[in-house]
Structure formats: C-alpha cells, structure tokens
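Asker: After the structure tokens below, expect a handful of questions from me.
Protein chains: 2
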Amino acid sequence: MTSPGPADRPVLALDLGGTQLRTALVLPDGRLVARRAERTPTDGPAMVEAAGRALGTASAEAASAGVGAPQALGISAPGPLDPATGVLIDPPNLDRRLWGFPLATTLGQALAVDAYLERDTQVAALAEGQFGAARGIADYVYLTVSTGIGGGVVIGGRLMRGPDLLAGELGHLTIDLDGPLCGCGARGHLEAISSGTGIARAARERGLGDISAARVAALEDAGDETAHQIMEYARRAFAAALVTIVDLFNPTRVVVGGGIAIGQGERLLRPARDAVERLAFRRQAARVDIVPALLGDDVGLVGALSLVRLARVGEDRDRRMA
Amino acid sequence: MTSPGPADRPVLALDLGGTQLRTALVLPDGRLVARRAERTPTDGPAMVEAAGRALGTASAEAASAGVGAPQALGISAPGPLDPATGVLIDPPNLDRRLWGFPLATTLGQALAVDAYLERDTQVAALAEGQFGAARGIADYVYLTVSTGIGGGVVIGGRLMRGPDLLAGELGHLTIDLDGPLCGCGARGHLEAISSGTGIARAARERGLGDISAARVAALEDAGDETAHQIMEYARRAFAAALVTIVDLFNPTRVVVGGGIAIGQGERLLRPARDAVERLAFRRQAARVDIVPALLGDDVGLVGALSLVRLARVGEDRDRRMA
Chain R
1 MTSPGPADRP
11 VLALDLGGTQ
21 LRTALVLPDG
31 RLVARRAERT
41 PTDGPAMVEA
51 AGRALGTASA
61 EAASAGVGAP
71 QALGISAPGP
81 LDPATGVLID
91 PPNLDRRLWG
101 FPLATTLGQA
111 LAVDAYLERD
121 TQVAALAEGQ
131 FGAARGIADY
141 VYLTVSTGIG
151 GGVVIGGRLM
161 RGPDLLAGEL
171 GHLTIDLDGP
181 LCGCGARGHL
191 EAISSGTGIA
201 RAARERGLGD
211 ISAARVAALE
221 DAGDETAHQI
231 MEYARRAFAA
241 ALVTIVDLFN
251 PTRVVVGGGI
261 AIGQGERLLR
271 PARDAVERLA
281 FRRQAARVDI
291 VPALLGDDVG
301 LVGALSLVRL
311 ARVGEDRDRR
321 MA
Chain W
1001 MTSPGPADRP
1011 VLALDLGGTQ
1021 LRTALVLPDG
1031 RLVARRAERT
1041 PTDGPAMVEA
1051 AGRALGTASA
1061 EAASAGVGAP
1071 QALGISAPGP
1081 LDPATGVLID
1091 PPNLDRRLWG
1101 FPLATTLGQA
1111 LAVDAYLERD
1121 TQVAALAEGQ
1131 FGAARGIADY
1141 VYLTVSTGIG
1151 GGVVIGGRLM
1161 RGPDLLAGEL
1171 GHLTIDLDGP
1181 LCGCGARGHL
1191 EAISSGTGIA
1201 RAARERGLGD
1211 ISAARVAALE
1221 DAGDETAHQI
1231 MEYARRAFAA
1241 ALVTIVDLFN
1251 PTRVVVGGGI
1261 AIGQGERLLR
1271 PARDAVERLA
1281 FRRQAARVDI
1291 VPALLGDDVG
1301 LVGALSLVRL
1311 ARVGEDRDRR
1321 MA
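Here it is as structure tokens:
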C-alpha cells in the first residue's frame, strides 16, 4: 500500500475577503470539504489568529475524513500583495497592522505546509479556468465587478503575471480621462466608475445619500432619473472597457463575476456584448464570447487548488533551470 | 565544405508602409545588406509588383555578396492582417484591391522561399527586443506613436498574440469615454487623441486648418494657445495610457517609437514618466523604465529576422506536438 502522492492530496484553502473569511479543504477534483465562513475580524492580529484556527480545524478534519494530509495551503487575499514572498503589501481593505505582514509564511509554518499567496482576482481567474466558465479555454480574461474591479488574464494557458507577479490590474484601465478619482489616485479608471464603491460615491455626490450600489440599482428600477444616470455611466464605461479588452487581448472568452455583475446580470453584459459587436475589431469580436462567472462565493476556495498547482509548476521549472 | 544552415543564412525583409516600401537582406546579426526604399505605389497590384521586383534584386545580391541564399521572407505590413494565413484583411492605409490579398503566399512563391506576414507594430516590438531598446528584457511593451498608434506586448519573452494572433492593439485603449471618434468607430481611444491623425483632426476642428501634427507642434512652440491645448491633451492621454499599461502588464520597460514620439521626445515621455511615478501602483512604477526606441526607420526590416525566428519556433513546436 502506497500513500497518496501530492497531487492526490487535498489543499488547504483560505479566502480572506474584506467581509468574509472562508476556509476549506479542496479535493483534487475541486470539491470542498470542511467548508467554513465567518465575518473577517477587523483587527489584524485577530484576523490572522481566526484564519489559523479555522485552517487548523480543516486540517484536523482531513485526517478524520480520510482524504489524506493537506499538501499545501493556498491563500486568496486582497491586493496589492507580493506572491513571490507571500507578504501583504498595503491592501486598503485590511487593517494597517497587516501591511507588510508575511501571511503565507506565518500560516504555512503554523500548519506545517508550504503556503502560497495570490491576489483574489488572480485566484478567481485560475479557478474559473480550471473548474468554471473558462474551463478548457486557453485565452480568456476574468473580470470581477464588485466593491472594486479586478481581473486576471490568461494567455495561451498561462496566467499573465509580469516580473513582479503583479500584472492583470484590469480595474485600472483609464476609461474617462477627467472622470472620478480612483482609490489609486488616478482619474477615470474603470474601478472608479463601475465598481460598487464608484457607484456609491457617485450616489453620494449626486445627492442620493449614503447608499449602496445595490440600492442605487433598486432606485433605478423604481424610476429614479439620477440613479439611472449613475448606473448608465457605470454600464457604458464597462462596455467601453470590454471593447478595449477584446481588441487588446484577442481572448476567446471574457468571464464576468462579482456582486455587481451578478446583481445587474444581462443588464450589464448585454450592452457590453453590443459594444464589442459594433466597435471591436471584426475578428476579435467574432472570436469572443462574454459570459457570467460560474463559481460564485466559493471561487476563492476552489482557486486555492489552482494556485498551488501553478506554484508547483513554477518551482519545477525553476529547479530544471537551476 | 558544408553549406550554411538556415540560421546562418540571411532573411529577405519587406517593410510595407503606407508611404515607404523598404526591402533588404537581414544578416543573422541584424545587419542590413542591399537596403532599398521607394515610395509605396498607391495602386495595389503595382505595389505587389514593386515589392516582388525589389525583393528579387535583393535576393540576387545575396548570391553575389556571398552571404548565402535567403532562408525565408519576413513581411511587416499595416494591420489588420492575418499572420496565420499571410493574408491582408482590410488595412485602411492600403488600396482596397489588396484587402483579402494573400501577400505572403504570393511573394513567397515568386521568390521560392517561405514567407511570413505580421503587423508592423508587432514586428517592431520583436525587433526592439532582439536588437534595440528592449534587448535582453523579457517583459516589455513597445508603443509607436505615429500616423496611428500601435504596439506589441512581450511577456516572459513571448509576444502576446492571442488565438487569432491579433492581440496587442494598444492604440485602442479607451482613454476618454466621450472623446473624439477613432478610425475603428469607437470614441476616445488613445489613437484618436494622441496619434498624428488625431492631432491633425483636432487642429482642423479647432480652426487651425488642414495641417500636420508636426505643424501643430511647431505652432505650439511658437506660442499658439489652441495648438498648445491640442498637444497637451495628446500628451495627457498618452500619460494616462502609460499608467494603465504599467498597472496592467507590470513591464520592466516601455519602449516608445514612431514619428510623433521622436518629434516630441522628452516632452512626451517626461509627463508619462511623472504620471507613472505618481499614479501607477508603487511596485509596478518602481520596476519600469520608459525609453525611446532605438531602431528608427529600419525597425521593420530588422524585425523580419525576428519574425522568421518566431515563426520557425512556432513551427517546431507544432511539429513536436503533432
């Protein structure tokens, strides 16, 4: 009797969101075991402790469930972060005491496994490629339209990462040169216009009060003209971004996820498809389809498996080249 | 005595520009032999004939110069075109009778060599990487600011091409949502604002008459306020595009070529560097430098060598995978 090889063993997964902290074991086929979610503690040290505790529980359950010991830990977290060192840089949505914190090493040592850290959007892009809406597709773009806007670009089956592994910031496409200020300090970025934060800020500035993007959408449905203008601007900017993305990457598929995209559904995707059809280069437009994401709330957990695979492939290559 | 292998033999090069038709032999070290330039005939069939004649002469000179028979032909031409089949699609700058014309096959058969066709901007990107300003750099972006704006993106040493080999259209970044109309039909693309065509069109619309972008720049230097506003808008849009490019691709270098960029020099590049420094993500900004292209008018000829190498690597891979 042989013990299972690494590829047959589950992966520990941590999805560290601004609001929810999720953990699970991911089996090699993508199924989740010992799935748990709790509110993310706002206090940094408490958050690391909560993550460690939940992962420890999941790890213990791996033994009792007979699925083999976890081979590694994959962590999805808000950027910016440094995947090479597993360190959080200065994520605006997390307690400042975590800026510069070596999250992967800390949790990996506590759990006695190799640990890998990657941006939530990149993890989601990988997950949708392995198990979701871009399965079997070598050239695709993943976009999430949520509190912020982010994405991941896969070209010829490889995640576009760049020399610092920081590439793929699709929320920072400049769309409207003199448009609203983005969290990054620039003006008119896609995220500043079409994200939940962008829509809510526009609502505040236009006198609708301190309401959520979902509420702005509901007001639009109820016939409010200001809400309609705000949502229309968000959809129009998103459509223009899609034309640019299709011209630029020539993808076979664009997968769109995130709370705002799910809430808006075809109301967001149809104008984007129409714009691509009318305005993108003919062949690029004929190649691409624009579809909703499939994996929902579990995308960051499922993606931990894809992340560990990607990291292991990279380590193999580095060893061969050393 | 052995005859030289393919990699030791020169490549025939054709750079088919809207105004100049250039041909040469490119030696394996990038040196040019039998270099020739003439005005591009506006008549499509005459253009193909002129190209065939010039290439035939270059080929004959290869024999007399003792540099070995050409191993292949590399063609740089205005897009859109289909590199897989070597067919021009519908390039707005070439006679309509050439739309759909199988340029690579036609010239390759006439000269009895394999022939490869690629977009001028992609060829230039390859050339700057092999012999120019991005030599030895694995992750870079090439941008040309000229009559139009185009580019090429190299990631991990590979040209980003996409499933139809049409990726890399950096001129079609949406920069100003309600900005001027682009040749492609969309509004506010970088090319519509910062290219020679965009600047000249703005001059016409703002009452400066039917003048070139170089003339608008000269008027700015002479203190004309309208010309200044037009040039300032072009530079500002270019700077915003650079921030997006740096955030998105995390390149080690951005190489900027083309007539407008050469004419403007630091006046175009300095504000772009400043914007990247202030507004791009910190690590991406620290990684990148933004520099002028090195290869000048010969870039399309030198790049023919890079193009043939790229195509041959692709063919090798396809054979191994078949």
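Same order as they appear, the protein sequences are chains R and W. Residue numbering for the first sequence follows the working numbering, beginning at 1 and increasing consecutively. Residue numbering for the second sequence follows the working numbering, beginning at 1001 and increasing consecutively. Ideal placement from N, C-alpha and C gives every residue a C-beta, glycine not left out.
Step through the CB atoms of chain R and report whether any lies within less than 9 Å of the CB of Asn1093(W).
Answerer: By this cut-off, Asn1093(W) is not an interface position.
Asker: Roughly how far, in whole angstroms, is the beta-carbon of Leu12(R) from the beta-carbon of Leu32(R), given that I think they are within contact range, below 8 Å?
Answerer: 11 Å between Cβ atoms; not a contact.
Asker: Once DSSP output is grouped into helix, strand and coil, what is the label at Val291(R)?
Answerer: Val291(R): strand per DSSP, three-state reduction.
Asker: Go ahead and label Thr2(R) buried or exposed: buried means 16 or more other beta carbons lie within 10 angstroms of its beta carbon, across all protein chains shown.
Answerer: Because Thr2(R) carries a pLDDT of 47, less than 50, the predicted location of this residue cannot be relied on, and the following value inherits that uncertainty. Its Cβ having fewer than 16 others within 10 Å, Thr2(R) is exposed.
Asker: Who are Gly152(R)'s beta bridge partners in DSSP?
Answerer: Partner(s): Tyr142(R).
Asker: For Ala286(R) and Leu98(R), I'd like the C-alpha separation in whole angstroms.
Answerer: So the alpha carbons of these two residues sit roughly 45 Å apart.
Asker: Among Ser1195(W), Ala1222(W) and Thr1226(W), which one has its Cα closest to the Cα of Gly1209(W)?
Answerer: Nearest of Ser1195(W), Ala1222(W) and Thr1226(W) to Gly1209(W), Cα basis: Thr1226(W).
Asker: Please list the segments of the alpha helix (DSSP H) lying wholly inside the region 146-198 of chain R, counting only runs of 4 or more residues, in order along the chain.
Answerer: Those alpha helix (DSSP H) runs which fall completely within the region 146-198 of chain R and span 4+ residues are 190-194.
Asker: Can you tell which of Leu1055(W), Tyr1142(W), Ile1262(W) and Ser1195(W) has the C-alpha that lies nearest to the C-alpha of Leu1236(W)?
Answerer: Checking the sequence shown, residue 1236(W) turns out to be Arg, not Leu. The candidate whose alpha carbon is nearest that of Arg1236(W) is Ser1195(W).
Asker: In terms of alpha-carbon separation, which member of Gly1207(W), Arg1187(W) and Cys1182(W) lies closest to Leu1197(W)?
Answerer: Before going on, a small fix: residue 1197(W) reads as Thr here, not Leu. Cα-wise, what sits closest to Thr1197(W) is Cys1182(W).
Asker: Cα-Cα, which of Ser1076(W), Ala1311(W) and Arg1278(W) is closest to Val1302(W)?
Answerer: Minimum Cα distance to Val1302(W) is reached at Ser1076(W).
Asker: Are Ala1112(W) and Leu1295(W) closer than 9 Å when you measure CB to CB?
Answerer: Going by C-beta atoms, Ala1112(W) is not nearer than 9 Å to Leu1295(W).
Asker: Can you grab the Cα-Cα spacing for the pair Pro83(R) / Gln1284(W), in whole Å?
Answerer: Straight-line Cα distance between these residues: approximately 14 Å.
Asker: So, helix, strand or coil for Gln59(R), using DSSP?
Answerer: Before going on, a small fix: residue 59(R) reads as Ser here, not Gln. Here Ser59(R) sits in helix by DSSP.
Asker: Which whole-angstrom value describes the C-beta separation of Leu1173(W) and Ala1241(W), a residue pair presumed to lie in contact below a C-beta threshold of 8 Å?
Answerer: Indeed they touch by this definition, with Cβ atoms about 5 Å apart.
Asker: Which residues, in chain order, does the region 1118-1151 of chain W contribute to contact with chain R at a C-beta distance below 8 Å?
Answerer: Residues Ala1138 and Asp1139.
Asker: Quick check on Arg236(R) - is its C-beta less than 9 Å from some C-beta in chain W?
Answerer: So, interface residue.
Asker: Determine which residues of the region 1162-1177 of chain W have a Cβ less than 9 Å from any Cβ of chain R, and write them out in chain order.
Answerer: Listed in sequence order: Gly1162, Pro1163, Asp1164, Leu1165, Leu1166, Ala1167, Gly1168, Glu1169, Leu1170, Gly1171, His1172, Leu1173, Thr1174, Ile1175, Asp1176 and Leu1177.
Asker: Against chain R, which members of the region 1063-1081 of chain W pass a CB distance test of less than 8 Å?
Answerer: Here the close residues are Pro1080.
Asker: Against chain W, with Cβ distances strictly below 9 Å, would Leu305(R) count as a contact?
Answerer: Closer than 9 Å: no.
Asker: Hey, out of Gly1044(W), Val1087(W) and Leu1021(W), whose CA is closest to Ala1036(W)'s CA?
Answerer: It is worth fixing the name first, because residue 1036(W) is Arg in this sequence and not Ala. Here the closest residue by C-alpha is Leu1021(W).
Asker: What distance in whole Å lies between the Cβ atoms of Ala1110(W) and Gly1052(W), which are believed to be in contact at a cut-off of 8 Å?
Answerer: That belief holds up - the Cβ atoms of Gly1052(W) and Ala1110(W) are roughly 5 Å apart, short of 8 Å.
Asker: Compute the Euclidean distance between the alpha carbons of Val1145(W) and Gly1188(W), then round it to the nearest angstrom.
Answerer: Straight-line Cα distance between these residues: approximately 16 Å.
Asker: Determine the direct distance from the alpha carbon of Gly263(R) to that of Ile230(R), and round the result to whole angstroms.
Answerer: For Ile230(R) and Gly263(R), the distance between alpha carbons rounds to 15 Å.
Asker: Roughly how many angstroms separate the alpha carbons of Ala34(R) and Leu81(R), rounded to a whole number?
Answerer: Cα-Cα distance, rounded: 27 Å.
Asker: Going along chain R in order, which residues have a C-beta closer than 8 Å to the C-beta of Val1243(W)?
Answerer: Per Cβ cutoff of 8 Å: His172, Thr174 and Ala186.
Asker: Please list the partners that Thr252(R) has in chain W, where partner means a Cβ-to-Cβ separation under 7 Å.
Answerer: Within 7 Å Cβ-Cβ: Pro1163.
Asker: Could you give the first and the last residue of the continuous alpha helix (DSSP H) run that contains Ile1262(W)?
Answerer: Segment Gly1259 to Gln1264, the alpha helix (DSSP H) holding Ile1262(W).
Asker: Could you name the residues of the same chain whose beta carbon sits closer than 6 Å to that of Glu1191(W), not counting the 5 residues immediately before and after it, in chain order?
Answerer: Only Gly1148, Ile1149, Gly1171 and Cys1182 meet the Cβ criterion.
Asker: For Val1067(W), name the three-state secondary structure that DSSP assigns.
Answerer: Note: Val1067(W) maps to coil in three-state DSSP.
Asker: Consult DSSP for Arg206(R) and reduce its assignment to one of helix, strand or coil.
Answerer: Correct three-state label for Arg206(R): coil.
Asker: Regarding Asp1289(W) and the ligand PLP, is the C-beta to nearest heavy atom distance less than 8 Å?
Answerer: For the ligand PLP, the structure offers nothing, since it holds no ligand at all.
Asker: For Ala37(R), which of helix, strand or coil comes out of DSSP?
Answerer: The answer is strand: DSSP assigns Ala37(R) an E or B state.
Asker: Could you tell me which residues DSSP puts in a beta bridge with Thr23(R)?
Answerer: For Thr23(R), which the question treats as bridged, DSSP gives the partners Leu14(R) and Arg36(R).
Asker: At what residues does the alpha helix (DSSP H) containing Arg1097(W) begin and finish?
Answerer: No alpha helix (DSSP H) holds Arg1097(W); DSSP gives it neither H nor E.
Asker: Straight-line CA distance for Leu117(R) to Gly1152(W)?
Answerer: Approximately 30 Å between the Cα atoms of the pair.
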